[in-house]
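Asks:
Numbering (the UniProt record's numbering), first residue to last: 1 to 188.
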């Protein structure tokens, strides 16, 4: 009896004969096996909610929070592996603080043009083509960071999906970043 990956699931840089990357699929299964996360964009703001699964009676109530803030106007909710979610949240805080230090204003929450980010591997080298957003904001740097963890064999993909809710002068914004680095924008 053999496993599903049969040698093709040892690295994120290894494609199966049918073009699948099993490590990214396993990261998606970690998200599927965790609690539900909901993000709602309403007229006056964004609502984030998580289903708190109690793994053990020994856990302190209020620990293992899966909703955090990256800035005063940006909140993140994660589904999947808790440690990976914390890592993404810390990276979002670093991005927001870097923007605030550089430009002396909060990081904007709106995407004016969605970036197209894709990479593919030939037998000899990695080829990447990237078009970036016209206005800098939080989701593109985070999805590029998450996507980078699906390209190299020395790291594993993040086993978490992250919902980002932001509110600024343009109104509420809602994004979802998947373990593969693909992100979705909530539109009107």
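No residue lacks a Cβ here, since even glycine has one placed at the ideal position from N, Cα and C.
For the candidate residues 92, 53, 30, whose alpha-carbon lies nearest to that of residue 144?
Replies: If you number the chain shown from 1, residue 144 lands on position 144. It is 92 whose Cα lies nearest to the Cα of residue 144.
Asks: Whose C-beta lies closer than 6 angstroms to the C-beta of residue 84 among residues of the same chain, with five residues either side of it excluded?
Replies: Locating residue 84 in the chain shown gives position 84, where the first residue counts as 1. Here the set comprises 158, 159, 160.
Asks: So what does residue 167 bridge to, in DSSP terms?
Replies: On the chain shown, position 167 is the one that residue 167 refers to. Residue 167 pairs with 172.
Asks: Give the C-beta separation of residue 179 and residue 24 to the nearest angstrom, bearing in mind that I take them to be a contact with Cβ-Cβ under 8 angstroms.
Replies: On the chain shown, position 179 is the one that residue 179 refers to. On the chain shown, position 24 is the one that residue 24 refers to. Their Cβ separation, rounded to whole angstroms, is 6 angstroms, which keeps residue 179 and residue 24 in contact under 8 angstroms.
Asks: Tell me the rounded alpha-carbon separation between residue 177 and residue 79.
Replies: As a working mapping, residue 177 is identified with position 177 in the chain shown. As a working mapping, residue 79 is identified with position 79 in the chain shown. Each residue's alpha carbon lies about 11 angstroms from the other.
Asks: According to DSSP, which residues form a beta bridge with residue 99?
Replies: Residue 99 sits at position 99 when you count from the first residue of the chain shown. DSSP, once it has assigned bridges, lists no residue as partnering residue 99.
Asks: Less than 8 angstroms separating the beta-carbons of residue 46 and residue 35?
Replies: Locating residue 46 in the chain shown gives position 46, counting from the first residue. Locating residue 35 in the chain shown gives position 35, counting from the first residue. For residue 46 and residue 35, no; Cβs fall outside 8 angstroms.
Asks: To the nearest angstrom, how far is it from the Cα of residue 107 to the Cα of residue 7?
Replies: By one-based count along the chain shown, residue 107 stands at place 107. By one-based count along the chain shown, residue 7 stands at place 7. Using only the alpha carbons, I get a separation of about 43 angstroms.
Asks: Does DSSP put residue 81 in a helix, in a strand, or in coil?
Replies: In the chain shown, the residue the question calls residue 81 occupies position 81. If DSSP states are grouped into helix, strand and coil, residue 81 belongs with coil.
Asks: Return yes when the Cβ of residue 82 is within less than 8 angstroms of the Cβ of residue 163, no when it is not.
Replies: The residue you call residue 163 lines up with position 163 of the chain shown. The residue you call residue 82 lines up with position 82 of the chain shown. No.
Asks: Out of curiosity, what's the CA-to-CA distance linking residue 148 and residue 87?
Replies: Within the chain shown, residue 148 is the residue found at index 148, counting from 1. Within the chain shown, residue 87 is the residue found at index 87, counting from 1. In a straight line, the C-alpha of residue 148 is about 14 angstroms away from that of residue 87.
Asks: Any idea if residue 142 is buried or exposed, counting beta-carbon neighbours within 10 angstroms, 16 or more meaning buried?
Replies: In the chain shown, residue 142 corresponds to position 142, counting from 1. It is buried - the Cβ of residue 142 has at least 16 other Cβ atoms within 10 Å.
Asks: Between 32, 10, 172, which lies nearest to residue 51 when the distance is taken from Cα to Cα?
Replies: To locate residue 51, count along the chain shown from 1; it is residue 51. The option with the nearest alpha carbon to residue 51 is 32.
Asks: So, residue 73 versus residue 109, is the Cβ gap smaller than 8 angstroms?
Replies: By one-based count along the chain shown, residue 73 stands at place 73. By one-based count along the chain shown, residue 109 stands at place 109. Against a cut-off of 8 angstroms, the Cβ pair of residue 109 and residue 73 comes out as a contact.
Asks: With DSSP collapsed to three states, give me the class of residue 28.
Replies: For the purposes of this step, residue 28 is identified with residue 28 of the chain shown, where counting begins at 1. In this structure, residue 28 counts as helix in the three-state DSSP scheme.
Asks: Assign residue 186 to one of three DSSP states: helix, strand, or coil.
Replies: Numbered from 1 along the chain shown, position 186 holds the residue referred to as residue 186. Coil, per DSSP.
Asks: Pick from 15, 9, 28, 183: whose alpha carbon is nearest that of residue 140?
Replies: Here the question's residue 140 lines up with position 140 in the chain shown. When only C-alpha atoms are compared, the closest one is 183.
Asks: By alpha-carbon positions, which one of 30, 28, 43, 37 ends up nearest to residue 169?
Replies: Here residue 169 is taken as the residue at index 169 of the chain shown, counted from 1. The shortest C-alpha separation from residue 169 is found at 43.
Asks: Give every residue of the same chain whose Cβ lies closer than 6 angstroms to the Cβ of residue 175, excluding the five residues on either side of it in the sequence, and list them in chain order.
Replies: On the chain shown, position 175 is the one that residue 175 refers to. 139, 164, 183, 185, listed in sequence order.
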